[in-house]
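> Protein chains in written order, with this note's numbering: chain A, 8 to 614; chain B, 136 to 386. Every residue gets a Cβ at the ideal spot worked out from N, C-alpha and C, and that includes glycine. Only a predicted model underlies this, so the values are computations on that prediction, with no experimental measurement involved.
As structure tokens, then:
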């Protein structure tokens, strides 16, 4: 039996992006012993890539903004299947979390009167996103990291968790390997917070890094937690499409927030063609009005259609491509250079407000965005669904197991508004850290049976078994095959027969993954790491597919060719996944608890 | 389209050598794409760090044809593909495996730098007022993605191995971001002089040249910090003045 080292914590946080770091800081402040594990080096997690900003009703730019408007916008954007309590807490607490980041050293862009600047974003009624150019995520993660390293948190970097360990029904610890030397560690903990992010690596075209293999969702599910709404995968409308090696890399919505427009190959601005009914009254009907909104020169102006929600913009781009009006490489044109006609020194303005976009296109595509349009198309970006949590505490359906950030579900419903993710991380990271610390203090130390640890060791070593046959490409090839299949059959536009085929495809891939071989040893071996990521990726792929089959309607990010309309039967329904007694994935539909009158009233007031 | 040869350093902290690989290069590819292709085709266990693949996280630092660069931002079309392209790990740090070096020293250094300490909030809701022009200087430093390429190229670390007495360009930038932060009230100047070795830097600007975020490390961060050290320790008038005047957040 291979050796392992044992560590004991009151609270263990898995993942060190915005949510994990914020949870660790909060748990530590409660006076408990905190451990933090992350797959990459500290400060490199996916939060770093968030660009546009962090939504919070500070009302610094438009004093009409309030938490109530932010709440109503979030619910409308999520097609009203959000966890309304989470949407309420988020809207109420986001502003305080932004100010707290400033107190910890974050340096946001400023308004003329010296306050935190806020920008326009899709689906938000007022300029609401606190930002730093287009590198807001970097600012957030660095601030949390630089504050967090002085709080006595025990950090284990470049470490992957492969299993949660249980004491009966209660979570009791986590097991995994250090990426650098392949050494095993056992973490015993009274409470665990999952903050592992998303699942984008299950798709071929994605803005997500290698880390996004769905451990949080998958390990929680294996431990008995319920997942909800996994069919809602957000395809961000603007990813790079050319050259091939950068396909999928994110182009921030901030480009459109700063006045960028979408055009087809005829040079026509197509977003005015199709404005959804429930956004008609709040959307401009001519370019001039849109521009007055963007420049904040007319308080009565409505937002341009480029700032409609992400699901809608993605579908409009696809439609142009499908009908033969796409850009040369199968996308649409996103033009920010045109604002030079409107403002003096437009070139410098673009570079100042969108520095990393300028840099990214210049260096990776050889395109100067101050002179020419960008080619963009949809890219897998975010999963709204995930671990089902209690709105007040962020605890999952497994005692002692909490979740925050992208791996948790509820806040965003069927579609997330841009900017609501960064605020989600810190609002619910804090709540999860607080609740986990309390749980740890109120409940004693659990026990971990040896057989669970032994099984985890065996499972982790299996791919290195030299008697296993290597099929061509090994783990990498299985991952590519899965990504290809999910992209084609459970992608942006879905239909029953394709998804049924995908379920069978996933079963076949599971068999291949169960026998995958990784050449080499345990020391920093990406082939072995990829092999161990496969079970998680396959779980989340299956979860997305099975939930998507069950939701026989189109809503938000979930679009079906065979059920094109929204169906009122699903108006207040979550899809719920549980592990059945024989290990099979069970899907059911559950009605969302009724919203209190006061919240209903807020939504009515903002229609 | 074209087959290109790569010489990739394979080994660990004990020993290693360059091994030759070949892979197909297509339009728009960067060095990291080629490494991934080689990993999938012929070297499953080839170790390399990466995350965002868009120049935002600073994970994939390496030495490409001898130059410290991010693999994800180095386009192959800008290179001579006739000769083999060499890729090796950052050499100013211990090697872990293949293209991965052990950068943990950097994390230990950062913990020793005094953290941000703001003045009291200006407003009742706990917020402060700052002008854009006053934050811009600090925002330049806060663009840093901690790729540690500046540390890798710095001769004080790379050739003279002064890791115990010198914190390197990255942490001068970090200190400058704190020292010049409009709200900060801490004083890091004595540490910069005494334990962090700012005097070792002889402003050859190698760090500025390799910075993928184009931070003007030497001119905007290191030189102003050196000036503060001079002011505080060597200028008798300023020294006297400072005894009577408490330090403000910024000057």
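Helix, strand or coil for residue 423 of chain A per DSSP?
Along the first chain, one-based indexing puts residue 423 of chain A at 416. Note: residue 423 of chain A maps to coil in three-state DSSP.
> According to DSSP, is residue 157 of chain A helix, strand or coil?
Against the first chain, residue 157 of chain A aligns to sequence position 150. In this structure, residue 157 of chain A counts as coil in the three-state DSSP scheme.
> My parser needs the alpha helix (DSSP H) runs of 4 or more residues fully inside the stretch 295-381 of chain B; what are they?
Entirely contained in the stretch 295-381 of chain B, the alpha helix (DSSP H) runs reaching 4 residues are, in chain order, 303-314, 324-329, 341-345, 358-368, 371-379.
> Taking CB distances under 8 Å as the criterion, tell me whether residue 251 of chain B reaches chain A.
Here residue 251 of chain B refers to the residue found at position 116 when the second chain is read from its first residue. Yes, residue 251 of chain B counts as interfacial toward chain A.
> From the DSSP output, in three-state form, read off residue 386 of chain B for me.
Start at 1 with the first residue of the second chain, and residue 386 of chain B comes out as number 251. Only weak support is given to the placement of residue 386 of chain B: the predicted model assigns it a pLDDT of 41, under 50, and the question is left unresolved by the model.
> How many angstroms separate the CA atom of residue 492 of chain A from the CA atom of residue 290 of chain A?
In the first chain, residue 492 of chain A corresponds to position 485, counting from 1. In the first chain, residue 290 of chain A corresponds to position 283, counting from 1. Distance between the alpha carbons of residue 492 of chain A and residue 290 of chain A: 37 Å.
> Going by C-alpha distance, which of B:278, B:145, B:227, B:261 is nearest residue 114 of chain A?
On the first chain, residue 114 of chain A is found 107 positions in, with the first residue counted as 1. Measuring from the Cα of residue 114 of chain A, the nearest candidate turns out to be B:278.
> If you pair each beta-carbon of the stretch 546-559 of chain A with each one of the stretch 497-515 of chain A, do three or more pairs fall below 8 Å?
With the cut-off at 8 Å, the stretch 546-559 of chain A and the stretch 497-515 of chain A touch.
> Check whether the Cβ of residue 388 of chain A lies closer than 8 Å to any Cβ atom in chain B.
Mapped onto the first chain, residue 388 of chain A falls at position 381. No, its Cβ sits nowhere closer than 8 Å to a Cβ of chain B.
> Quick one: does residue 367 of chain A have its CB under 8 Å from some CB of chain B?
On the first chain, position 360 is the one that residue 367 of chain A refers to. True, the Cβ-Cβ gap to chain B drops below 8 Å.
> Classify residue 512 of chain A: buried if its beta carbon has 16 or more other beta carbons within 10 angstroms, exposed otherwise.
As a position in the first chain, residue 512 of chain A is number 505, starting the count at 1. Buried, since its Cβ has 16 or more Cβ neighbours within 10 Å.
> Using a cut-off of 8 Å between C-beta atoms, extract the partners of residue 198 of chain B located in chain A.
One-based indexing of the second chain puts residue 198 of chain B at position 63. The premise fails here: residue 198 of chain B is roughly 18 Å from chain A at the closest Cβ pair, so nothing lies under 8 Å.
> Since residue 172 of chain A and residue 214 of chain A are thought to touch, with beta carbons under 8 Å apart, how far apart are those beta carbons, to the nearest angstrom?
Residue numbering aside, residue 172 of chain A sits at position 165 when the first chain is read from its first letter. Residue numbering aside, residue 214 of chain A sits at position 207 when the first chain is read from its first letter. Contact flag wrong, Cβ pair sits at about 33 Å.
> To the nearest angstrom, report how far apart residue 53 of chain A and residue 207 of chain B are at their CA atoms.
Reading the first chain from its first residue, position 46 is the one you call residue 53 of chain A. Reading the second chain from its first residue, position 72 is the one you call residue 207 of chain B. Cα to Cα, the separation comes out at about 16 Å.
> If you draw a straight line from the C-alpha of residue 242 of chain A to the C-alpha of residue 280 of chain B, how long is it?
Locating residue 242 of chain A in the first chain gives position 235, where the first residue counts as 1. Locating residue 280 of chain B in the second chain gives position 145, where the first residue counts as 1. If you take the alpha carbons of residue 242 of chain A and residue 280 of chain B, they lie about 26 Å apart.
> Name the chain A residues that come within less than 7 Å of residue 161 of chain B, Cβ to Cβ?
Along the second chain, read from residue 1 onward, the residue named residue 161 of chain B stands at position 26. Within chain A, the residues near residue 161 of chain B are 251.
> Cα separation between residue 117 of chain A and residue 259 of chain B?
Residue mapping note: residue 117 of chain A aligns to position 110 of the first chain, counting from 1. Residue mapping note: residue 259 of chain B aligns to position 124 of the second chain, counting from 1. Their backbone Cα atoms lie some 18 Å apart in a straight line.
> Just confirm the distance between the C-beta atoms of residue 203 of chain A and residue 184 of chain A, as a whole number of angstroms; I'd bet it's less than 8 Å.
The residue you call residue 203 of chain A lines up with position 196 of the first chain. The residue you call residue 184 of chain A lines up with position 177 of the first chain. 16 Å between Cβ atoms; not a contact.
> From this set, A:323, A:33, A:59, A:252, which residue's C-alpha is nearest residue 499 of chain A's C-alpha?
Taking the first chain and counting its residues from 1, one reaches residue 499 of chain A at position 492. When only C-alpha atoms are compared, the closest one is A:323.
> The ligand NAD and residue 199 of chain B: does the residue's C-beta get closer than 7 Å to at least one heavy atom of that ligand?
The ligand NAD is not part of the structure shown, which contains no ligands of any sort.
> Under the assumption that residue 270 of chain A contacts residue 339 of chain A (Cβ atoms under 8 Å), give the Cβ distance between them as a whole number of angstroms.
Along the first chain, read from residue 1 onward, the residue named residue 270 of chain A stands at position 263. Along the first chain, read from residue 1 onward, the residue named residue 339 of chain A stands at position 332. The pair is a contact, with the Cβ atoms about 7 Å apart (cut-off 8 Å).
> Let me know the alpha helix (DSSP H) ranges lying completely inside the stretch 40-85 of chain A, each 4 residues or longer, listed in chain order.
With a minimum length of 4 residues, the continuous alpha helix (DSSP H) runs that stay inside the stretch 40-85 of chain A are 74-84.
> Measuring alpha carbon to alpha carbon, tell me which residue in A:225, A:277, A:488 is nearest residue 519 of chain A.
Reading the first chain from its first residue, position 512 is the one you call residue 519 of chain A. Per the Cα distances, A:488.
> In chain order, what residues of the same chain lie with their CB nearer than 6 Å to the CB of residue 440 of chain A, ignoring the 5 residues before and after it?
Counting from one through the first chain, the residue named residue 440 of chain A turns up at place 433. Here the set comprises 30, 33, 34.
> Quick check on residue 338 of chain B: buried or exposed, where buried means 16 or more other Cβ atoms within 10 Å of its Cβ?
Within the second chain, the letter at position 203 stands for residue 338 of chain B. Under this definition residue 338 of chain B is an exposed residue.
> Residue 377 of chain A: which of A:359, A:385, A:390, A:386 sits nearest, CA to CA?
For the purposes of this step, residue 377 of chain A is taken as the residue at position 370 of the first chain. Nearest option by C-alpha distance: A:359.
> With DSSP as the reference, please indicate the residues paired to residue 199 of chain B in a beta bridge.
Numbered from 1 along the second chain, position 64 holds the residue referred to as residue 199 of chain B. B:202, B:222.
> I'd like to know if residue 243 of chain A contacts chain B, where contact means its C-beta is closer than 8 Å to some C-beta of that chain.
On the first chain, position 236 is the one that residue 243 of chain A refers to. Taking Cβ atoms only, chain B never reaches closer than 8 Å to residue 243 of chain A, which makes this a no.
> Let me check understanding here. Comparing Cα to Cα, which of A:36, A:268, A:219, A:19 lies closest to residue 390 of chain A?
For the purposes of this step, residue 390 of chain A is taken as the residue at position 383 of the first chain. That would be A:219, whose Cα lies nearest to the Cα of residue 390 of chain A.
> Could you check how far apart the C-beta atoms of residue 381 of chain A and residue 374 of chain A are, in whole angstroms? I think they sit under 8 Å.
Taking the first chain and counting its residues from 1, one reaches residue 381 of chain A at position 374. Taking the first chain and counting its residues from 1, one reaches residue 374 of chain A at position 367. With 8 Å as the limit, residue 381 of chain A and residue 374 of chain A qualify as a contact, their Cβ atoms being about 6 Å apart.
> If you drop the 5 nearest sequence neighbours on each side, which residues of the same chain put their C-beta closer than 7 Å to that of residue 25 of chain A?
Within the first chain, numbered from 1, the residue matching residue 25 of chain A stands at position 18. Same-chain partners within the cutoff: 54, 147, 148, 151, 412, 429, 432, 433, 436.
> Using a Cβ cut-off of 7 Å, pull out every chain A residue sitting near residue 387 of chain B, in sequence order please.
What the structure shows of chain B is the stretch from 136 to 386, and residue 387 of chain B is not part of that stretch, so it cannot be assessed.
> Can you pull out the residues from the stretch 351-363 of chain A whose beta carbon lies closer than 9 Å to at least one beta carbon of chain B?
The stretch 351-363 of chain A vs chain B, Cβ under 9 Å: 362, 363.
> With a threshold of 8 Å between beta carbons, is residue 109 of chain A in contact with chain B?
Locating residue 109 of chain A in the first chain gives position 102, where the first residue counts as 1. Chain B, which has a Cβ nearer than 8 Å to the Cβ of residue 109 of chain A, makes this yes.
> Can you list, in chain order, the residues of the stretch 327-349 of chain A whose Cβ is nearer than 9 Å to any Cβ on chain B?
Of all residues in the stretch 327-349 of chain A, none has a Cβ within less than 9 Å of some Cβ in chain B.
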